[in-house]
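Let me begin by presenting the structure, written as structure tokens, before commenting on it.
There are 2 protein chains.
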Amino acid sequence: MSLDQARALDAADPLAFARERFRFPDDKTYLDGNSLGMMPASAPERVARTVEREWGEGLIESWNEAGWIDWPERIAARLAPIVGARADELLVCDSTSINIAKLLGSALAARPERRVVLVDESDFPTDRYIAAAIAEQAGGELRAVSAEAISDALTDEVAVLLLSQVDYRSGRRRDLSATTADAQRVGAIMLWDLSHSAGAIRVDLATSGAEMAVGCGYKYLNGGPGAPAWLYVRRDLQQALGNPLPGWMGHARPFEMGPDYVPAPGIRRFLTGTPPIVALAALEAGLETFEGLGMAAVEAKAAALADFFIEAVEVLAPEATLASPLGAADRGAHLVFAHRHAYAIVQALIARGVIGDYREPNLMRFGFAPLTTRFEDAWRAAAALGEVIAGRVYEGARFAERRRVT
Amino acid sequence: MSLDQARALDAADPLAFARERFRFPDDKTYLDGNSLGMMPASAPERVARTVEREWGEGLIESWNEAGWIDWPERIAARLAPIVGARADELLVCDSTSINIAKLLGSALAARPERRVVLVDESDFPTDRYIAAAIAEQAGGELRAVSAEAISDALTDEVAVLLLSQVDYRSGRRRDLSATTADAQRVGAIMLWDLSHSAGAIRVDLATSGAEMAVGCGYKYLNGGPGAPAWLYVRRDLQQALGNPLPGWMGHARPFEMGPDYVPAPGIRRFLTGTPPIVALAALEAGLETFEGLGMAAVEAKAAALADFFIEAVEVLAPEATLASPLGAADRGAHLVFAHRHAYAIVQALIARGVIGDYREPNLMRFGFAPLTTRFEDAWRAAAALGEVIAGRVYEGARFAERRRVT
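Those protein sequences? They're chains A and B, same order as listed.
Numbered as in our numbering, the first sequence ends at 1442 without a single skipped number.
Numbered as in our numbering, the second sequence ends at 1442 without a single skipped number.
What follows is the structure in structure tokens.
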């Protein structure tokens, strides 16, 4: 293992050009694109156009003239090739948490004879918290079981199975089609959270047959901090499903402002409030960074980077224990390593400009955003990890106080 | 009535300087700040800083270093003097529709023995649609009655009364304190929608004693298209109230990512998903435009503008019939005029650069955003209205096709 070898891999990387679509600080080794994607080079101009020209000059007329009113669908269409869905099955709106609430509520209403929402007890917190609340409000029950017990817990009491395809900690990946088929075999609706999948690995939503999905805009999709999230509802189900948070923007004719809610035909019925236009402009720049990239190549790049990092850590930082699946087909695009001083080590790495993050209880997490991460970054991070651990750099008192966001 | 008289009023206007806080097109007479506020002059730089520096360079570290994690509360604090509340009673998040859903759900949970949500049948559509859905999901009932019948419909069955203080069409204003007292007399919770009040008239939330309020960020608050909305929960009630959409950001310790949802102490428990940072930056610029302005002066300016416009229309466009209350104390900061060709007239005005909007069924709406509207604008709009009506300019065929956003 050497820096030269990493650089040779970068030189031979068919996706290396994608990094030029971003602007980034030169002094950082950034392995946290799984938490916040880098800034697309086009984002500043794209956002400035919306703020200065469309808002500042066009004012209210931009709802029609700049087409703002259609952005939730128009920008979602750019996501279609990334997640293997049809454009009219996707919508950009709200946060991942709110979209989970909407689709869980919709699924429970579609299975009135069933009241169980099944989740993985180790899934991302917001998924579990929202699922518990929505299940309770529907007079139902949350069942949170271990990842391994999901299959056995799928009974004909289950209305909807909510799962992240890629686990936010371990990076473990589920088979989209096989798990969907398991849920559908017992008549449950499958709702995927693809926050850690979309833009990182190949996702074939249409092929999987899943009824519903949600995902976040600010991780691998590079949409900016707190970017609008997205949702997917299979085309043949849209007319039969309702939105439990039926705001005016999901109305068939919002400007009639009539007495009753009439859902828009198709995916637009899952809108609630007024679209967040400035944030949508940034997200569009993020989605454009995928233009012309095949998702199989994107996934292959992520796998190669992570494999290289695993090897490098074995050599350079053997005290760190891989806590993600070893095989690339079983993972997303991030890895976690366990160490009993994980928190302090991550802080020491950040102080050296090597940016990963910490996850409870003892995990160091490193993301390999395939459009922006280089083999050189993977090598540098592994080398720094080795130095910090071997030199016990993490013992400094300055890491005693816990950061608000870890 | 003359342009000179309008200019003399502008010259004597103690709030005239506030317009310099904005950047706007010179060729428009903009009377739609009640739908979309003008762009603060500081907004482009403020948003660019967040995009280019905080996101582009700071990357994930900006959650701590730029304090992003606290923005929902920090930026809400700027709203406190505008709506007469304490900073720790306010939060910026989600859309108005979602915030209505959250607070209605919270109110219904706090009044388990009552199941009625009372609304004004002519209230803004999203309020009524969301209220109907939330009431139904709670096993309750929506009662939508006429504005005049609200008082009689307040019985001990009512869990929560949801009302806009200022009607989006007529501009009619309710007395915040008197109506709140009516609701509280029967034990109902008062939830105000202040979307057409905040930033337009003096609002004294704390004095009113109201339990809850929501409002929009993109109208008089000048936060940009689809800006994040806000919510208010009276301080003494926060600990007892729950958030029915309990996402990870409302958790007491979100980064512990523990098994159970534990609400944050105080107002932060009403957060759900990850804060929309880029949009929050624009909203902050909007709220800063109120810095140092007394809300009594802001309200007085709006009243004087609207009174002047009413007089001007009487003289210049007598065919337009005022459909708003005549007395300034009974209105917000916008006016509607009825005319059977209202839609076409509004389109003809827009074609001449005089921007108001149309509301069903026959209303022409004009907003007098007190920080940006001049008496000269009011005069020009009245004169254009008179010319368009007298000359039957609205008869042109080009207005036949209905705009998507009216």
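Ideal Cβ positions, reconstructed from N, Cα and C, are used throughout, including at glycine.
From a predicted model like this one, the values you see are computed outputs, not experimental measurements.
Q: Hey, could you find the ends of the alpha helix (DSSP H) TRP1099 (chain B) is sitting in?
A: 1098-1101
Q. For LEU1362 (chain A), does the count of other Cβ atoms within 10 angstroms reach 16, so buried, or fall short, so exposed?
A. exposed
Q | Distance, LYS1138 (chain A) Cα to GLY1286 (chain B) Cα | A | 18 Å
Q) Which residues in the same chain as LEU1140 (chain A) place their Cβ atom closer than 8 Å to its Cβ, once the five residues preceding and following it in sequence are excluded? A) VAL1153, ILE1166, ALA1167, ILE1170, ALA1171, VAL1196, LEU1198, LEU1227
Q) In three-state terms, what does DSSP make of PRO1148 (chain A)? A) coil
Q: Using a Cβ-Cβ cut-off of less than 9 Å, give me the residues of the stretch 1279-1302 of chain B that come near chain A, in sequence order.
A: ASN1279, PRO1280, LEU1281, PRO1282, GLY1283, TRP1284, MET1285, GLY1286, HIS1287, PRO1290, PHE1291, GLU1292, MET1293, GLY1294, PRO1295, ASP1296, TYR1297
(Q) Which residues does DSSP list as the beta-bridge partners of PRO1299 (chain B)? (A) B:HIS1287
(Q) Once DSSP output is grouped into helix, strand and coil, what is the label at LEU1051 (chain A)? (A) coil
Q. From what residue to what residue does the beta strand (DSSP E) around ARG1082 (chain B) run?
A. Looking at the DSSP string, ARG1082 (chain B) is not in any beta strand (DSSP E); the run it does join, the alpha helix (DSSP H), is 1079-1084.
Q: Give me the Cα-Cα distance between GLU1247 (chain B) and LEU1273 (chain B), rounded to the nearest whole angstrom.
A: 8 Å
(Q) Excluding the 5 residues flanking LEU1337 (chain A) on each side, which residues of the same chain have their C-beta closer than 6 Å to its C-beta? (A) As written in the sequence, residue 1337 (chain A) is Lys, which differs from the Leu given in the question. Closer than 6 Å at Cβ, skipping near neighbours: LEU1051, PRO1406.
Q | Nonlocal neighbours in the same chain, by C-beta distance under 8 Å from GLY1432 (chain B), ignoring five residues either side | A | ALA1380, ALA1384
(Q) Spatial neighbours of ASP1163 (chain A) within its chain, please: C-beta separation below 7 Å, excluding the five flanking residues on both sides. (A) ILE1136, VAL1155, LEU1198, SER1200, ASP1229
**Q.** Members of the stretch 1084-1095 of chain A that neighbour chain B once the beta carbon cut-off is set at 9 Å
**A.** ALA1084, THR1086, VAL1087, GLU1088, GLU1090, TRP1091, GLY1092, GLU1093, GLY1094, LEU1095
Q) What is the C-beta distance between VAL1119 (chain B) and ALA1234 (chain B), in whole angstroms, given that I count them as a contact (C-beta under 8 Å)? A) 5 Å
Q. So is ARG1209 (chain A) buried or exposed if we call it buried at 16+ other beta carbons inside 10 Å?
A. buried
Q) With distances taken from CA atoms, which of A:GLU1350, A:ASP1218, A:PRO1312, A:ALA1174 is nearest PRO1280 (chain B)? A) A:ALA1174
Q | Alpha carbon of VAL1025 (chain A) to alpha carbon of TYR1394 (chain A), nearest angstrom | A | Missing from the structure shown is residue 1025 (chain A); chain A here goes from 1037 to 1442 and no further.
(Q) I want to verify the contact list: residues of chain A whose CB lies under 7 Å from the CB of THR1308 (chain B), in sequence order. (A) SER1131, SER1133, ILE1134
Q) Leaving out five residues before and five after ILE1425 (chain A) in sequence, what residues of the same chain have Cβ atoms less than 6 Å from its Cβ? A) ALA1353, GLU1355
Q: For VAL1083 (chain A), count neighbouring Cβ atoms within 10 angstroms of its own Cβ and tell me buried if that reaches 16, exposed if not.
A: buried
**Q.** Closest by C-alpha distance to TRP1104 (chain B), when choosing among B:ALA1339, B:ALA1116, B:VAL1128, B:TYR1254
**A.** B:VAL1128
Q | Candidates A:GLU1412, A:ALA1417, A:THR1408, of which the one nearest PHE1053 (chain A) by Cα | A | A:THR1408
(Q) Our contact map puts ALA1315 (chain B) next to GLY1260 (chain B) with C-beta atoms below 8 Å; I'd like the distance itself, whole angstroms only. (A) 7 Å
Q | CB contact check: ASP1063 (chain A) to chain B, cutoff 7 Å | A | no
Q: Check the Cβ-Cβ distances between VAL1181 (chain B) and every residue of chain A, and say whether any is below 7 Å.
A: no
Q: Identify every run of the beta strand (DSSP E) within the stretch 1205-1240 of chain B, keeping only runs that are complete inside it and at least 3 residues long; order them along the chain.
A: 1225-1229
Q. Around the Cβ of GLY1328 (chain A), are there at least 16 other Cβ atoms within 10 angstroms (buried) or fewer (exposed)?
A. exposed
Q | Which listed residue (A:LEU1399, A:ASP1366, A:LEU1421, A:ASP1124) has its alpha carbon closest to that of ILE1386 (chain A) | A | A:LEU1421
(Q) Just to confirm my understanding: we take PRO1312 (chain A), look at its own chain, exclude 5 residues before and 5 after, and list those with CB closer than 7 Å. What are they? (A) PRO1264
Q.
Going by C-alpha to C-alpha distance, which of B:VAL1298, B:ARG1238, B:ILE1134 sits closest to ALA1365 (chain B)?
A. B:ARG1238
Q. What are the start and end residues of the beta strand (DSSP E) that includes GLU1177 (chain A)?
A. 1177-1181
Q | Residue burial classification, ARG1304 (chain B) (beta-carbon count within 10 angstroms, cutoff 16) | A | buried
Q) In chain order, what residues of the same chain have a beta carbon less than 7 Å from the beta carbon of GLU1177 (chain A), not counting five sequence neighbours either side? A) ARG1151, VAL1152, ALA1171
Q. Just how far apart, CA to CA, sit ILE1225 (chain A) and LEU1212 (chain A)?
A. 13 Å
(Q) Can you check whether the C-beta of MET1037 (chain B) is within less than 7 Å of a C-beta belonging to chain A? (A) no
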